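A short worksheet on the structure shown next.
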DNA sequence: CGACCCTTTGAGGGCCGTCAAAGGGGGTGG
DNA sequence: CCACCCCCTTTGACGGCCCTCAAAGGGTCG
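Protein chains in written order, with my numbering: chain A, 17 to 270; chain B, 17 to 270.
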């Protein structure tokens, strides 16, 4: 099941001016001056292997990151080991802001697949805002957008029944993936999450998550086998999860 | 029980230069130029009675707000009426950012007590960022800080047992109130929430929330009667809720 | 005094968690 | 090339936490 892996993404050559992520229509176009400012802000890139931590819980990260390729997730753990996934990270997502303004990091970020990251030193953030208010505005946009995702997950964990939770998270992950070209035609060809991840995201136990996934699959709503996810009945999943979303407009990319 | 109400706060006279919230040491001091910029951004003030909506769900608000006085909360509802409270709002909190970047508002904000708000027209936000990058940075700070609160609530709803949830939310509300002078010495003299609010915040039913509150009260951890909340054993509540937090540093105030 | 809202308590059941163990695929080492 | 091991998935059994239903208690307001 772990055998298939996505085609290795085009590496980031370190030049933001030729960054191919910016070409995608999921993201807002940038002026040359803005690209230059981002290049100045950026200190380099970093590779993190699947399963390793990008940001450690309870330790202040000296860097902020943009996920350039791969899948990751943000999480918190309680002292007895219970883990809650807060939200998922896909290419273009910005991370590390929350602890800019706190005493210490309060969450961790783990790479679900091999990941490539753009690295931004935390201590250049204010200078970046100052030089390019428009990009500061863009970062605020990204922060607000991430909060919306956490809001949705909170409603899921707090108020949805098991089948509703699973329906919602499958649809959410598919749509996020489709938006950045990691899925198409109802199919995520390299779905990187195990059932434990889904359980940790929606607030169910692993066993009950499995039973619920099987139930929805028997109903023909989706297919999750190996690491291929297929959304067979998007409308039914929407209905079941009470989860309707308009297509997202292009977002900024730092 | 609804009889006692807090002393009416000093009204906002409309001049940010003399705003008394800024004097509190919970907030970062501002330069005169910054206060002026905020005054230009601000279009007026608004009063909302307890129980009324500040921001309506699914409708785009033309304004952003800072809560000047009172208690409020942000929430989402599912189509069958189930409601989840996302986070609580106290004086100094900024609201409305999330839908700046979305198609429509995806959450509502309700006043739990009579509230006074500073009103900021949404369409002046970019100009505000442009003129005062430092205050744009401050808004990002506020957004990131609010996301941290939602993160915590998600862990609560997703992974904590009933008693843990209740312990955590009581402690959280007390600390938030204490920080802005609405509580002291383990006592919140005008606690504005009903058990239904607590239930909606932690993801439990009203009945089970009541039973859990009574259980913790019998154990002597807290007292909640009428609209007075007393935290009797903060250390025990921390331990039970696995919820430890360092005192928060001063935050920006817009 | 009655209506209404919120709180409180009890009864019963179902959803979901925990425990346990088998199945299956891939990787590793012999 | 095969055997073994490990990780993940799957299924069953059982129990308990929490939800729903129901109704009484208490305070406030008209």
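Cβ atoms here follow ideal geometry from the backbone N, Cα and C, with glycine treated the same way. Given the structure is predicted, the values throughout are model-derived calculations rather than measurements.
Closest residue to residue i among the options (Cα-Cα distance)
i, options, result
"residue 114(A)", "157(B), 214(B), 152(B) and 54(B)", "157(B)"
"residue 213(A)", "78(A), 96(A) and 104(A)", "104(A)"
"residue 137(B)", "31(B), 164(B), 222(B) and 76(B)", "76(B)"
"residue 141(B)", "131(B), 37(B) and 154(B)", "154(B)"
"residue 172(A)", "130(A), 215(A) and 160(A)", "215(A)"
"residue 242(A)", "224(A), 209(A), 225(A) and 170(A)", "209(A)"
"residue 219(B)", "72(B), 185(B), 57(B) and 197(B)", "185(B)"
"residue 217(B)", "36(B), 182(B) and 97(B)", "182(B)"
"residue 100(B)", "90(A), 174(A), 123(A) and 64(A)", "174(A)"
"residue 57(B)", "168(B), 147(B) and 160(B)", "147(B)"
"residue 106(A)", "235(A), 196(A), 239(A) and 263(A)", "196(A)"
"residue 60(B)", "84(B), 40(B), 49(B) and 48(B)", "84(B)"
"residue 150(B)", "139(B), 49(B) and 176(B)", "49(B)"
"residue 80(A)", "108(A), 97(A) and 112(A)", "112(A)"
"residue 168(A)", "122(B), 97(B) and 168(B)", "122(B)"
"residue 55(B)", "176(B), 78(B) and 28(B)", "28(B)"
"residue 78(A)", "176(A), 139(A) and 177(A)", "139(A)"
Same chain only: Cβ atoms within 7 Å of residue i, ignoring 5 sequence neighbours per side
i, result
"residue 190(B)", "199, 204, 245 and 247"
"residue 179(A)", "228, 231, 232 and 256"
"residue 46(B)", "38"
"residue 254(A)", "187 and 260"
"residue 211(B)", "222, 225, 226 and 229"
"residue 265(B)", "none"
Bridge-paired residues (DSSP) for residue i
i, result
"residue 148(B)", "DSSP lists no partner for residue 148(B)."
"residue 104(B)", "89(B)"
"residue 71(A)", "125(A)"
"residue 267(A)", "43(A)"
"residue 161(B)", "Answer is none; residue 161(B) lacks a bridge partner."
"residue 170(B)", "Bridge partners of residue 170(B): none, in fact."
"residue 247(B)", "238(B)"
"residue 200(B)", "203(B)"
"residue 83(B)", "133(B)"
"residue 110(B)", "82(B)"
"residue 99(B)", "93(B)"
Boundaries (first-last residue) of the alpha helix (DSSP H) holding residue i
i, result
"residue 185(B)", "178–195"
"residue 54(B)", "48–57"
"residue 213(A)", "211–218"
"residue 251(A)", "250–257"
Cβ neighbours of residue i in the same chain (closer than 6 Å, five flanking residues each side left out)
i, result
"residue 152(A)", "145"
"residue 252(B)", "237"
"residue 250(A)", "none"
"residue 82(B)", "110, 134 and 270"
"residue 44(B)", "266 and 268"
"residue 129(B)", "66, 86, 87 and 208"
"residue 64(B)", "70, 127 and 131"
"residue 279(A)", "With chain A covering only 17 through 270, there is no way to say anything about residue 279(A)."
8 Å contact criterion, which residue i and residue j should meet: CB distance rounded
i, j, result
"residue 32(B)", "residue 62(B)", "No, residue 32(B) and residue 62(B) are not in contact; Cβ-Cβ is about 15 Å, not under 8 Å."
"residue 42(B)", "residue 267(B)", "7 Å"
"residue 86(A)", "residue 131(A)", "3 Å"
"residue 102(A)", "residue 166(A)", "6 Å"
"residue 258(B)", "residue 95(A)", "5 Å"
"residue 170(B)", "residue 240(A)", "Residue 170(B) to residue 240(A), Cβ: 24 Å. No contact."
"residue 119(B)", "residue 262(A)", "5 Å"
"residue 162(A)", "residue 162(B)", "Wrong, their Cβ atoms sit about 11 Å apart, outside the cutoff."
"residue 159(A)", "residue 159(B)", "4 Å"
Continuous beta strand (DSSP E) stretch holding residue i: start and end
i, result
"residue 230(A)", "Residue 230(A) -> not in any beta strand (DSSP E); alpha helix (DSSP H) instead, spanning 222–234."
"residue 60(B)", "60–64"
"residue 238(B)", "238–241"
"residue 207(A)", "From DSSP, residue 207(A) is part of no beta strand (DSSP E); its letter is neither H nor E."
"residue 136(B)", "131–137"
Cβ neighbours of residue i in the same chain (closer than 8 Å, five flanking residues each side left out)
i, result
"residue 93(A)", "73, 99, 100 and 124"
"residue 126(B)", "67, 68, 69, 70, 88, 89 and 91"
"residue 202(A)", "190, 246, 247, 248 and 250"
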